[in-house]
Every structure is written in C-alpha cells, then in structure tokens.
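If you're matching positions, the sequence shown starts at 18 in this note's numbering and goes up one per residue.
Where a beta carbon is used, it is the ideal one built from N, C-alpha and C, also for glycine.
Because the structure is a prediction, the values reported are computed rather than measured.
Below is one structure, written out as structure tokens; the observations come after it.
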Amino acid sequence: MNPVYDKLLRCYDSVKDRIPFAPDVALVLGSGLGDYADHIQVEAAIDYHEIEGFPVSTVPGHKGRFVFSHIEGVPVVLMQGRVHYYEGYAMTDVVLPIRLMKLMGARILFLTNASGGVNFDFAAGDLMLIRDQISSLVPSPLIGPNLDELGPRFPDMSHIYDEDLRSLIRECAAELDIPLREGVYVQFTGPAYESPQEVRMCRSLGGDACGMSTACEAVAANHMGMKICGISCISNLACGMTDQPLSHKEVQETADRVAPRFRELVTRVIGRMGSL
C-alpha cells in the first residue's frame, strides 16, 4: 500500500469512533478565526496529539484540534490550527488534515487565512474572496505515486474555487454590509516574509495577496473532488509597499481586529451551504 495513503487510513482509524456525526463542511480556521470555536456550541473535539502519526501545529495562536459543531444547522468539522510546510513537515503531511476531513464525510472545504496584500488597492483589515491561486512556488502535495483511492493522476484545475460558493459569499457579504475584495492568492513556503522583489514578482504574476498556506490545501481538496471556497484577511501590505517592517505581531493584531466581522460572514455563509 502507498505509505501516504496508509498513514491517512491509520489517522482515520484513530478518530472514526470519536466523530459524533458526518460533517458536510470542513472549515479551516486561519489567523483571525482561531477563537471561532469559542463562539459556537462545541459538540466534540479531538486534539491532534491524540491522532496516531498526525502532524501538530507549532504556530502561536493555533490550538491544534478538530472541533465538531452544527453551525446554523449545518454539520461542520473545524480545523482549529493548521499545519504549515515551513514547520518542517512533508507536504503530504501538510494536507493530511484536509484529506482526513474528506474521509470524515466533508464535501465542502472552506479555507480562511491571514495574508499580505500585494494589490495597492488593498488595505490592512480588508477581507478578500479568493478567486484563484498560484501554488507553483511550493511543492505540490500530489507529487509521487497517485493516490487513486482519492482522485485522478492529473486533476483539472480550471475551477478550484467553486463559482456557486463564491456567489454565495458575495451575497452574504452584501447582506451584512461587509466590504469584500476579490483576488488571486499566492503561496510561498515561508517562514520568512517575502522580499520586496518577490512581492513585485507576485504582483506581476497576477497575485493580489500572498501567504504561507491554503493553496496546497486547495490542490489536495480539488484532487478529491471537494467544492472549495476561501477568504483571506489582509493583515498587512506586503514587504516594500510601506516603510514599516513586517512582524507576526502586526499580522495577529489586524486579524484580531477584523475577527468579529470575519466570524459573522463565515457563520452566515455556512448557514447557506447546506443548499448547495
């Protein structure tokens, strides 16, 4: 058996008896939504440390557990703390949680993150609906023998971010009077922030925001046939666009400031996902 798929099955065997229900939606909580679980009815939780062979997040502010809840009546599994490539894990481990949530039953993947704004029209605190992505700057999670049990060898990437889900997010943002940007997300490896010239490269490639997660997760989910959507919190303008040095503290402060409206939008959107 493929060792990557074997590890995934072992992780699933570790949790399958503790899953209270089959989730319809998998929500990845990025910076700014880390405390989202404090605002919902938690029905069950599984700490990453309790799952055999599971990668554990080492980033401050990422709690490291799966949370199960019905949000607006929709069964959801929340990933409270994601794993990043820069933490030293293999890319197959980075996307293992996404694959595991699919095995749990999730058909929709809702990705969130904090990112640096590359578009000069953006400002710190903006929310950006992810329209498309550039993942070519990090290793693909699909490299190696194909996991035929999960998806095809050469998956189509024409519509990574589902058009119906994007329309739904636009509608919900308008109803809540929450301004919403749209753009292309570019993933770098990290953990260093991008140089000014890398930011210029990102912009010249058509990027609007950049960060250190998300795109690889979307590749894995798309491979498995999940419906995907994503929202980035623009936590700062990227390096070279202002005179201010970048810091994780700044990212977290902006994400915390935006968190209430981010939570409101995510909750409204999930409540409508059951009909899609």
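Residue pairing by DSSP puts R82 in a beta bridge opposite D64 and Q97. A272 and M18 have their C-alpha atoms roughly 42 angstroms apart. Each of M241, V275 and E89 was checked against the Cα of S249, and the nearest Cα belongs to V275. By the neighbour-count criterion, in which 16 or more other beta carbons inside 10 Å mark a residue as buried, M243 falls on the buried side. Along the region 211-251, the alpha helix (DSSP H) occurs as fully enclosed runs of 4 or more residues at 213-221 and 232-240, listed in sequence order. Between the C-alpha atoms of D165 and F137 there is a straight-line separation of about 42 angstroms. DSSP places V21 in the uninterrupted alpha helix (DSSP H) bounded by P20 to V32. Here the region 145-153 makes contact with the region 190-208; the two share three or more CB pairs at distances below 8 angstroms. Under the three-state reduction of DSSP, F71 is assigned to coil, being neither helix nor strand. Ranked by how close their Cα comes to the Cα of D225, the residues G70, T206, T109 and S252 have S252 in first place. In the DSSP assignment, no residue is bridged to T284. Boundaries cannot be given for V135, as no beta strand (DSSP E) includes it and DSSP labels it neither H nor E.
Boundaries of the beta strand (DSSP E) harbouring A43: V42 to L46, taken from the DSSP string.
Listed as beta-bridge partners of G200 by DSSP are I147. The continuous alpha helix (DSSP H) containing A191 extends over residues E180 to E192. Taking all protein chains shown into account, K33 has fewer than 16 neighbouring C-beta atoms within 10 Å of its C-beta and is therefore exposed.
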